[in-house]
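Last residue of the sequence shown: number 244 in numbering that gives the first Met the number 0, and the count goes up by one each step with no gaps.
Reading through the structure tokens given below for one structure.
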Amino acid sequence: MTTNDHVEASANVTVEEVIAVAITEFAHDGFERTKIEDISRKSGMSKRMIHYHFGDKKGLYLQSLITALDKLQPPSEQMVIDSAVPVEGMRKLVDCLFDLSMNNQDSLRMLVEENTHPVLDTAELTEIADVSSVMLHLNRLLMLGQDSGAFRPGISANDLYLLITSMTLLPVATHGSTQNLFGVDLYSDENIRGLHRLVVDMVLAFLTSNIPDSGHQSYLEEDASESKTDSPASIYDDGDDEIFS
């Protein structure tokens with residue numbers, strides 16, 4: 000390939016295509032072992048243009064992680080309460096989060112890699128990791144369910160988010176050991192469907208069980224220094240009430 004051909008090929012490669020390749024590379028090889036040369040070769044964009052768009056490897060990593068996190072967030076249409084039955088609303092959200100995780104495994108792997116071998120400092124990660132819309136939706140569903148008596152008290156949105164995400168991480172985190180120890184392939188179509196049912200049933204059973212009220216508001220203690228932006232009133236007061244009128 001001549002220099003002009005390479006320049007033309009780079010011009011036809013989008014930033015999004017480079018980021019897609021980079022997510023896979025960072026997810027499987029980590030930050031240190033990933034090479035810009037490999038991303039350039041696999042994406043078709045020259046190293047010079049990659050540096051032009053992203054600055055350096057960390058800049059590419061940051062943009063890739065932002066995209067990875069975005070791929071794991073439900074679209075806005077999934078964050079609307081369209082039923083007066085809280086169990087159905089919760090099932091719909093769990094379905095959505097599970098499907099997003101299964102369909103974006105490299106994004107999930109990259110997030111795990113950042114947690115186990117951090118590249119960004121806490122402030123940088125906090126700025127890009129915004130799950131506020133999911134947490135707000137979980138809070139709304141919880142309050143509707145607890146107020147109606149469908150869900151038991153003592154459960155917070157943080158509890159539910161941890162439960163859901165920990166289960167969707169299973170194939171990424173334990174696939175090798177699960178297959179070696181138990182002969183179970185977590186990535187088989189049948190087991191993906193089974194894991195889906197397991198996550199939904201766990202969440203709904205957790206919410207609707209007859210476990211006595213412990214008197215706690217959550218299983219998890221929040222950092223007292225964190226500001227609380229969503230009061231119970233603001234969670235209700237967001238235009239969703241019309242579905243119950």
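Cβ atoms here follow ideal geometry from the backbone N, Cα and C, with glycine treated the same way.
Assign residue i to one of three DSSP states: helix, strand, or coil.
i    : result
H116 : coil
Q145 : helix
F150 : coil
I163 : helix
I210 : coil
P170 : helix
A156 : helix
P85  : helix
D239 : Low confidence applies to D239: its pLDDT is 48, below 50, so where it sits in the model is not reliable, and the reading given next is rough at best. The answer is coil: DSSP assigns D239 none of H, G, I, E or B.
A122 : helix
H215 : coil
L71  : coil
E221 : coil
D55  : coil
V202 : helix
V17  : helix
V93  : helix
T33  : coil
N103 : coil
G175 : helix
G43  : coil
D129 : coil
Once you ignore the five residues that flank residue i on each side, which residues in its own chain have a CB closer than 7 angstroms to its CB?
i    : result
D158 : S217, Y218, L219
T156 : Reading off the sequence, residue 156 comes out as Ala, not Thr. So the list reads M134, L137, N138, L141, once near-sequence residues are dropped.
T33  : E24, F25
Quick check on residue i: buried or exposed, where buried means 16 or more other Cβ atoms within 10 Å of its Cβ?
i    : result
V84  : exposed
L68  : buried
D146 : exposed
E24  : buried
F97  : buried
M44  : buried
I210 : exposed
T125 : exposed
T167 : buried
S42  : buried
Can you tell which of the options has the C-alpha that lies nearest to the C-alpha of residue i?
i    : options                : result
M89  : Y60, M142, Q62, L124   : M142
P152 : D212, N102, S106, L119 : D212
S39  : H215, L180, I18, F181  : I18
L135 : S106, N114, T173, Y160 : Y160
L61  : E76, S42, S106, L140   : S106
T171 : R47, L110, T33         : The sequence given here has Val at residue 171, not Thr. Ranking the options by Cα distance to V171, first place goes to L110.
I163 : S176, T33, V198, G193  : V198
K70  : M101, H52, K41, D81    : M101
M78  : V130, I49, L64         : V130
S63  : S75, E112, R196, P74   : E112
G144 : V12, I49, T173, T207   : T207
L132 : I35, H27, P74          : It should be pointed out that residue 132 corresponds to Ser in this sequence rather than to Leu. Closest by alpha carbon: P74.
Between residue i and chain D, is the shortest Cβ-Cβ distance under 9 angstroms, so that the two count as touching?
i    : result
S100 : Checking the listed chains, one finds no chain D in this structure; it contains a single protein chain.
Is any heavy atom of the ligand GTP found at a distance shorter than 8 angstroms from the C-beta of residue i?
i   : result
S39 : Among the ligands in the structure shown, none appear at all, so the ligand GTP cannot be discussed.
Can you list, in chain order, the residues of its chain with a C-beta nearer than 6 angstroms to that of residue i? Leave out the 5 residues immediately preceding and following it.
i   : result
H52 : V14
Touching or not, the region 109 to 122 and the region 181 to 192, by the rule of three or more beta carbon pairs under 8 angstroms? Under the 8 angstroms Cβ criterion, the region 109 to 122 does not count as touching the region 181 to 192, having fewer than three qualifying pairs.
Contact the region 48 to 63 vs the region 86 to 102: 3+ CB pairs below 8 angstroms: Short answer: they don't touch.
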